[in-house]
């Protein structure tokens, strides 16, 4: 698996003012049995910035003891008036518990994004790999692509968790079905990796920390240049509120 290392994509970091905001829940719906979509709006959105599809902000919710805790979520869509966030519904997660019970008119507290990581350059093809927690970032990336092509590989629990993916790019999409108990096992996603990729392909990976690292190492072992790859652990098995935002 090779691609040119000449003129590698530029990865730059854009800083934003860290602002805590109180917003109103204007919509709450189920996209799939395990994915909850919330629409947030209100005057508190003034000045909100999200410069990249894989940005993350803190959603502040009460935990089991009533204390406020923050959890990272992707700005799925922002049009200047409404912020969309998709929350994966899993047992024991305070943000999932809050989102499951939230009603239109309730107040949502958020902070950030603190910054954006901008990937820019002559990228002809994208390889996007992730699990349920990465679907919002992957879907937003696809919607923002001006063209080209993309290979998408997403692990979910079954057909009912698949979502429509829309893009101006030509898509090849593989949904990998595996049990929730296997979400920290990289085997199913490793088996779905393509043997070859078109020239000038950028690989973006987000999943459980160990899974993301295994996928990263597999691509590097196949000859994919490090400059054309970004991997992150959106969550870590057995560690509440843990993540690995960047892997070196």
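Residue numbers (the working numbering): 119 to 366.
Backbone N, C-alpha and C define an ideal beta-carbon position, used for all residues, glycine too.
Which residue from the options puts its Cα closest to that of residue i?
i, options, result
"residue 213", "195, 200 and 182", "182"
"residue 216", "231, 188, 239 and 233", "188"
"residue 133", "149, 169 and 250", "169"
"residue 296", "283, 275 and 282", "275"
"residue 161", "190, 200, 151 and 147", "200"
"residue 367", "283, 226, 222 and 233", "Lying outside 119 to 366, the shown extent of the chain, residue 367 is not represented and no answer is given."
"residue 291", "303, 151, 310 and 299", "310"
"residue 365", "355, 342, 356 and 334", "334"
"residue 327", "286, 318, 238 and 354", "354"
"residue 195", "184, 175, 208 and 211", "175"
"residue 305", "336, 318 and 240", "336"
"residue 159", "344, 197 and 264", "197"
"residue 262", "340, 301 and 171", "171"
"residue 264", "238, 281 and 280", "238"
"residue 179", "211, 340, 131 and 344", "211"
"residue 298", "164, 207 and 131", "207"
How would you call residue i, buried or exposed, if buried means at least 16 neighbouring beta carbons within 10 angstroms?
i, result
"residue 324", "buried"
"residue 186", "exposed"
"residue 236", "exposed"
"residue 260", "buried"
"residue 148", "exposed"
"residue 225", "exposed"
"residue 278", "exposed"
"residue 314", "exposed"
"residue 177", "buried"
"residue 120", "The predicted position of residue 120 is uncertain, since its pLDDT is 48 and thus under 50; a value taken from the coordinates is nonetheless stated next. Answer is exposed; the Cβ neighbour count stays below 16."
"residue 125", "exposed"
"residue 250", "buried"
"residue 350", "buried"
Cβ atoms of residue j and residue i: under 9 Å apart, would you say?
i, j, result
"residue 157", "residue 228", "no"
"residue 234", "residue 190", "no"
"residue 205", "residue 154", "yes"
"residue 240", "residue 127", "yes"
"residue 300", "residue 150", "no"
Give the straight-line distance between the Cα atoms of residue i and residue j, rounded to the nearest whole angstrom.
i, j, result
"residue 248", "residue 338", "17 Å"
"residue 346", "residue 129", "10 Å"
"residue 330", "residue 361", "11 Å"
"residue 192", "residue 321", "19 Å"
"residue 138", "residue 231", "10 Å"
"residue 152", "residue 220", "15 Å"
"residue 342", "residue 286", "25 Å"
"residue 288", "residue 308", "23 Å"
"residue 348", "residue 363", "10 Å"
"residue 356", "residue 184", "22 Å"
"residue 332", "residue 135", "34 Å"
"residue 303", "residue 166", "36 Å"
"residue 209", "residue 293", "23 Å"
"residue 318", "residue 359", "34 Å"
Looking at residue i and the ligand GTP, is the gap between the Cβ and the nearest heavy atom below 8 Å?
i, result
"residue 364", "Inclusion of the ligand GTP in the displayed structure is not the case, the ligand content being empty and no account of it being possible."
Touch check for the stretch 256-275 and the stretch 128-143: three-plus C-beta pairs under 8 Å?
No, because fewer than three Cβ pairs between the stretch 256-275 and the stretch 128-143 fall closer than 8 Å, the two stretches do not touch.
Say whether the stretch 268-285 touches the stretch 236-251, bearing in mind that this needs 3 or more beta-carbon pairs closer than 8 Å, one atom from each stretch.
yes
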